[in-house]
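Read in order, the letters of the sequence shown correspond to residues 15 to 430 in the working numbering.
The beta-carbon is built from N, C-alpha and C at its ideal position, and this holds for glycine as well.
First comes the structure, then the notes that go with it.
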Amino acid sequence: MVKGFDSYSVPRVAHFFRDVDLRSQSCPEFTPEDFQSYCQADDYEWSAGFLLRVAVRMHHLWPTYGIRDSNRTIQGEHPAVCFANFNLADLIAARDGFIAQNGVVTQYAITFPKKTAEKGGIQPVIQWVGGRAYLQDGTSINGVIQEDVDNQYRYIAGDPNSSCQPSAYLEWRWRYPRNYHSNIKKIEANGYEGNVIPGLKLTQKKWSGMGIVVPGMPTARLLQYDILALIDQGLISETHVDHILVCDQLPETIEGLDDHELQEAFSKACFDFRSCLNVSTDEADVADMDLSRRVAELETSTAREAEREWGGCWLWFQDNTHPYVRALVKAGRVKPNLKGRYLASLNDLDRGRDLREREAIVLAISEQLREKFGIRSTYFSVRNSYSPDEDPAYAGRIWGGGYFVLPKPEEDDEDV
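See the structure below:
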């Protein structure tokens, strides 16, 4: 945990992720047959943690029509992303197995400062009750017709004859402005690879300051992998994500705490995911030279056989937080490919060697690094291409780490 976060004093809204049962009557209208190849979803259930990682890794929040019991809770042509109030008391209640008072809170969320949300087009829910428009706190709004409520504000009360019941638990909606159905048809026709479910693009600068909520440290470390991948791919700045808040690090209760104590509780529950980015130029140079030496030595000492297969071959690091890996990233020697694999270039390894021969050399380097630094790595190769983003791709032993988005953390991650 790390001190110094002052984000608790900033009012926030949160998009909470829930478990989705694809066989239930509350399943979204559109569900892709599969996700990107690094996502390994269950056949019939998507966990909230899985969906949070998909959103961050693919940097989009998925708009839906809010299906509940086979009925849309969002009317009109355009789907929306739903947001609710954010506060620590609700998170503590959810952590301890109680149902939060607004009924939507889980331990998996993406949050935005309320001012950022308003500037980005996230609007308060408006209800249409008894022929009039109201905010959820009961404030009447003049000059709004039912069509506006349907198509702009994304909410309509079920019973037009009922009276407006003020609520302290306010909600917001971000309306998807483009042709949702046209984009979905492309995915249905061409598959998910190369297509992104249309939605709120998290990497846009206007969403800087976003926060992430997770239940425990295993999930926090997986989200750290995803955030670092976005930073190292140049998609976001180092400060774009403000914090990762870990629910099981929050106190038993915040009742009776003053503002200073609330801020301290928030800070202590935030995981310092950025400290691994602090790498000096000297550290980067030393790691770069160390890897070059190992490659050169094996290139010289390994017998050469006839070439049968050609293609690119890299050293794939499966932990993007290790000091040695961060130093190589700083040196420009390691870069994530489009799917988020951290690959070290091996320019001292002769491309004229057979591809399988180079794979064997990379495995030897991998074993040296495991013995010396405790780093998990293997080879990654692409047959008949020197692009790390092409297929068919092959890899040696996969140790785990954060590359794959799984339904839940693996046992190795739980033990970290």
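- For the alpha helix (DSSP H) assignment, the uninterrupted runs of no fewer than 4 residues enclosed by the segment 176-247 are, from N- to C-terminal side, 194-204 and 231-246.
- Here Ala-28 is buried, its C-beta having at least 16 other C-beta atoms within 10 Å.
- Linking Arg-347 to Leu-305 through their CA atoms gives a straight-line distance of about 9 Å.
- Between the alpha carbons of Ser-359 and Leu-329 lies a distance of about 7 Å.
- Distance from the Cα of Gly-90 is smallest, within the candidate group Pro-191, Cys-327 and Ala-203, for Pro-191.
- With contact defined as three or more Cβ pairs closer than 8 Å, the segment 184-201 and the segment 127-141 are in contact.
- Rounded to whole angstroms, Thr-295 and Gly-80 show a C-alpha spacing of 49 Å.
- The C-beta separation of Arg-372 from Leu-363 comes to about 6 Å, placing the pair in contact by the 8 Å criterion.
- The residue among Glu-275, Ile-375, Glu-278 and Asn-101 with its C-alpha nearest the C-alpha of Arg-318 is Ile-375.
- A Cβ-Cβ separation of about 6 Å places Ile-241 in contact with Phe-287 under the 8 Å criterion.
- Here Glu-252 carries a coil assignment [DSSP, helix/strand/coil].
- The C-alpha of Ser-40 is placed about 37 Å away from the C-alpha of Asn-334.
- Listed as beta-bridge partners of Tyr-356 by DSSP are Phe-331 and Pro-350.
- Counting of Cβ neighbours within 10 angstroms places Ile-113 among the exposed residues, the total staying below 16.
- Less than 7 Å separates the beta-carbon of Thr-125 from that of Gly-225.
- About 17 Å separates the beta carbons of Ile-258 and Thr-217, which is beyond the 8 Å limit, so they are not a contact pair.
- Looking from the CA of Val-293, the closest CA among Arg-340, Gly-270 and Glu-252 belongs to Arg-340.
- CA-CA distance, Leu-66 to Lys-422, rounds to 11 Å.
- A straight-line Cα-Cα distance of about 23 Å links Arg-411 and Thr-233.
- CA-to-CA, the gap between Val-143 and Ile-155 works out to about 11 Å.
- Excluding residues up to 5 positions away in sequence, Ile-375 lie with their Cβ nearer than 6 Å to the Cβ of Thr-316 in the same chain.
- The three-state reading of DSSP puts Ser-289 in helix, counting H, G and I together.
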